[in-house]
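*Asks:* Please find one structure pasted underneath; my questions will follow.
Protein chains in written order, with the numbering used here: chain A, 1 to 300; chain B, 301 to 401.
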């Protein structure tokens, strides 16, 4: 008879009949519901005598992951096979028609800044996000400052004022302009010769770091402040976005508005690749210098 | 004749580089390592670039190679100087370490 009662219950529930049929039984048998905590299942992990269990679990997790990865490796296609997915018509198209379609002599630049410009945009954004994370953690302002840190910073400033560094200063004075010039050269010639935004940006950032190590905080703040850092980074990212988003609005095919390619080999050629290279280079340089400045003095 | 002279210079430079690499691995203390690494960065590089200059005919190429040597001879000593300065400032047992050897 049990199942019939359950059937009746379900029928009543479907019909919307809310009065309890066996209310007396329910009242006689009811209990206070225990508050159930899901953490009680894994409570035993927090006991201190379980080092052995911890170690065993660690090893087992690692072995499981290694096993999964080895299985994946087992499924990989054979190296050098003609029928691999990597050997498709895309690379042939890049090599054969890349110069004509992008106008860049350096095919790698043509690939990363024309065919796959959206990917490069995300890479520049990753750099920007990483420097934002460091900024979020390490920048000293009114809210995350205390007397001890102020004392440490004051001592550092005094030490730096006393410290004599003539060799570094002479070197920085004569070398920094050339390092920056070389970085700019690599960025601007990105579509003609090897190099491009990332490599040239790293060189420019290195030059700025060199200057900052030699001449200290005050001298660097005259030419590169936090405000200019934010303006340059965000401005170049937005410029990149505006330059490249038009091709998505025009059907990803530049239909209707073709940027003139120019003569391949000239500086002013290859359509939008030159401004995009400059944007990437500026973001990379700002990121490099931002990391250095935030880790050394907690401020840009 | 020109090729023979260039070859002699480049071989000398490579030998100097090999000696400096041996020194970097053989010596144990950082200041000694700096000393031996500087050998390759200055003398070895200069010898190799002199060999390449002998091979060149255009004036502009020779100037570019000369600038390579100039840049390295200015920048490498500064980097070495900063490493050595860090060692003398931060190593607590610096005095004993230097006195013993």
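Even glycine gets a Cβ: it sits at the ideal position worked out from N, Cα and C. If you're wondering where the values come from, they're calculated on a predicted model, not measured in any experiment.
Taking 8 Å as the CB-CB cut-off, is residue 381(B) touching chain A?
*Replies:* The residue you call residue 381(B) lines up with position 81 of the second chain. By this cut-off, residue 381(B) is an interface position.
*Asks:* Determine, for residue 368(B), whether the minimum Cβ-Cβ distance to residues of chain A falls below 8 Å.
*Replies:* One-based indexing of the second chain puts residue 368(B) at position 68. Answer no: the Cβ-Cβ gap between residue 368(B) and chain A never drops below 8 Å.
*Asks:* Considering only the alpha carbon of each residue, which of 398(B), 344(B) and 338(B) lies closest to residue 311(B)?
*Replies:* If you number the second chain from 1, residue 311(B) lands on position 11. With distances taken between Cα atoms, residue 311(B) lies closest to 344(B).
*Asks:* Taking buried to mean at least 16 other C-beta atoms within 10 Å of its own C-beta, is residue 28(A) buried or exposed?
*Replies:* Counting from one through the first chain, the residue named residue 28(A) turns up at place 28. So residue 28(A) ends up on the exposed side.
*Asks:* Under 8 Å, Cβ to Cβ, is there at least one residue of chain A near residue 334(B)?
*Replies:* Taking the second chain and counting its residues from 1, one reaches residue 334(B) at position 34. Taking Cβ atoms only, chain A never reaches closer than 8 Å to residue 334(B), which makes this a no.
*Asks:* Between residue 179(A) and residue 207(A), which are expected to be in contact by the criterion C-beta below 8 Å, what is the C-beta distance as a whole number of angstroms?
*Replies:* Here the question's residue 179(A) lines up with position 179 in the first chain. Here the question's residue 207(A) lines up with position 207 in the first chain. Indeed they touch by this definition, with Cβ atoms about 3 Å apart.
*Asks:* Would you say residue 201(A) touches the ligand PLP, meaning its beta carbon is less than 7 Å from a heavy atom?
*Replies:* Only the bare structure without any ligand can be found here, which leaves the ligand PLP out of the picture.
*Asks:* Among residues of its own chain, excluding the 5 on either side of residue 306(B), which ones have a beta-carbon nearer than 6 Å to its beta-carbon?
*Replies:* Residue 306(B) sits at position 6 when you count from the first residue of the second chain. 351, 354 and 355.
*Asks:* Got a sec: which bits of the stretch 28–42 of chain A sit with their beta carbon under 9 Å from any beta carbon on chain B, in order along the chain?
*Replies:* Listed by position, the residues of the stretch 28–42 of chain A near chain B (Cβ gap below 9 Å) amount to none.
*Asks:* Contact check, residue 320(A) vs residue 105(A) under 8 Å by CB: the rounded distance?
*Replies:* Look at the range of chain A in this structure, 1 to 300, and you will see that residue 320(A) is not part of it.
*Asks:* With a cut-off of 8 Å, does the C-beta of residue 320(B) fall near any C-beta of chain A?
*Replies:* In the second chain, counting from the first residue as 1, residue 320(B) sits at position 20. No, no contact with chain A.
*Asks:* Closest Cβ-Cβ distance between residue 273(A) and chain B: below 8 Å?
*Replies:* What you label residue 273(A) is simply residue 273 of the first chain in a count that begins at 1. Not closer than 8 Å to any Cβ of chain B, the Cβ of residue 273(A) fails to qualify, so no.
*Asks:* For the stretch 173–204 of chain A, which residues have a beta carbon sitting closer than 8 Å to at least one beta carbon of chain B?
*Replies:* From the stretch 173–204 of chain A, only 174, 175 and 178 have a Cβ closer than 8 Å to chain B.
*Asks:* Using C-beta distances below 6 Å, list every residue in its chain close to residue 239(A), excluding the 5 sequence neighbours before and after it, in chain order.
*Replies:* One-based indexing of the first chain puts residue 239(A) at position 239. Only 279 meet the Cβ criterion.
*Asks:* Does the stretch 285–299 of chain A come close enough to the stretch 128–138 of chain A that 3 or more CB-CB pairs lie under 8 Å?
*Replies:* Yes, they touch.
*Asks:* Helix, strand or coil for residue 77(A)? Go by DSSP, reduced to three states.
*Replies:* Taking the first chain and counting its residues from 1, the one referred to as residue 77(A) is at position 77. Coil.
*Asks:* Residues of chain B with CB under 7 Å from residue 167(A), in chain order?
*Replies:* The sequence position of residue 167(A) within the first chain is 167, counting from 1. The answer, in chain order, is 378 and 381.
*Asks:* Give me the chain B residues within the contact set of residue 67(A), using Cβ-Cβ distance strictly less than 7 Å, ordered along the chain.
*Replies:* The count along the first chain starts at 1 and reaches residue 67(A) at position 67. Correct list: empty, because the minimum Cβ distance to chain B is about 39 Å.
*Asks:* Hey, would you say residue 341(B) sits closer than 8 Å to residue 372(B), going by beta carbons?
*Replies:* On the second chain, residue 341(B) is found 41 positions in, with the first residue counted as 1. On the second chain, residue 372(B) is found 72 positions in, with the first residue counted as 1. Cβ atoms of residue 341(B) and residue 372(B): closer than 8 Å.
*Asks:* Got a sec: is the Cβ-Cβ distance from residue 374(B) to anything in chain A below 8 Å?
*Replies:* Within the second chain, residue 374(B) is the residue found at index 74, counting from 1. Yes, because at least one Cβ of chain A sits closer than 8 Å to the Cβ of residue 374(B).
*Asks:* Assuming residue 269(B) and residue 334(B) form a contact by the criterion Cβ under 8 Å, report the distance between their Cβ atoms to the nearest whole angstrom.
*Replies:* Residue 269(B) lies beyond the residue range present for chain B, which begins at 301 and ends at 401; the question has no answer from this structure.
*Asks:* Can you grab the Cα-Cα spacing for the pair residue 249(A) / residue 243(A), in whole Å?
*Replies:* Here the question's residue 249(A) lines up with position 249 in the first chain. Here the question's residue 243(A) lines up with position 243 in the first chain. The alpha-carbon atoms of residue 249(A) and residue 243(A) are separated by roughly 11 Å.
*Asks:* Which residues, taken in chain order from the stretch 139–171 of chain A, show a beta carbon closer than 7 Å to some beta carbon of chain B?
*Replies:* Answer set for the stretch 139–171 of chain A: 167, 168 and 171.
*Asks:* Going by C-alpha distance, which of 216(A), 112(A), 173(A) and 121(A) is nearest residue 158(A)?
*Replies:* By one-based count along the first chain, residue 158(A) stands at place 158. With distances taken between Cα atoms, residue 158(A) lies closest to 216(A).
*Asks:* Assign residue 79(A) to buried or exposed, taking buried as 16 or more other Cβ atoms, counted over all protein chains shown, within 10 Å of its Cβ.
*Replies:* Locating residue 79(A) in the first chain gives position 79, where the first residue counts as 1. The residue in question, residue 79(A), is exposed, as its Cβ has fewer than 16 Cβ neighbours within 10 Å.
*Asks:* For the alpha helix (DSSP H) containing residue 208(A), list its first residue and its last residue.
*Replies:* Locating residue 208(A) in the first chain gives position 208, where the first residue counts as 1. First-last of the alpha helix (DSSP H) with residue 208(A): 197–223.
*Asks:* Which of helix, strand or coil does DSSP assign to residue 120(A)?
*Replies:* Numbered from 1 along the first chain, position 120 holds the residue referred to as residue 120(A). Note: residue 120(A) maps to helix in three-state DSSP.
*Asks:* What did DSSP end up calling residue 125(A) once you bin it into helix, strand or coil?
*Replies:* Numbered from its first residue, the first chain carries residue 125(A) at position 125. Reduced to three states, the DSSP call for residue 125(A) is helix.
*Asks:* Taking its Cβ as the centre, do 16 or more other Cβ atoms sit within 10 Å of residue 117(A), making it buried, or is it exposed?
*Replies:* Here residue 117(A) refers to the residue found at position 117 of the first chain. With 16 or more other Cβ atoms within 10 Å, it is buried.
*Asks:* Under DSSP, the alpha helix (DSSP H) around residue 23(A) begins and ends at which residues?
*Replies:* Taking the first chain and counting its residues from 1, one reaches residue 23(A) at position 23. Note, residue 23(A): alpha helix (DSSP H), 23–29.
*Asks:* Closest to residue 245(A) by C-alpha separation, out of 121(A), 38(A) and 211(A), would be which residue?
*Replies:* Counting from 1 along the first chain, the entry for residue 245(A) is found at position 245. With distances taken between Cα atoms, residue 245(A) lies closest to 121(A).
*Asks:* Here's a check: name, in chain order, each residue in its chain whose Cβ is nearer than 7 Å to the Cβ of residue 291(A), leaving out the five neighbours to either side.
*Replies:* Against the first chain, residue 291(A) aligns to sequence position 291. Cβ neighbours of residue 291(A) beyond the five flanking positions: 131 and 134.
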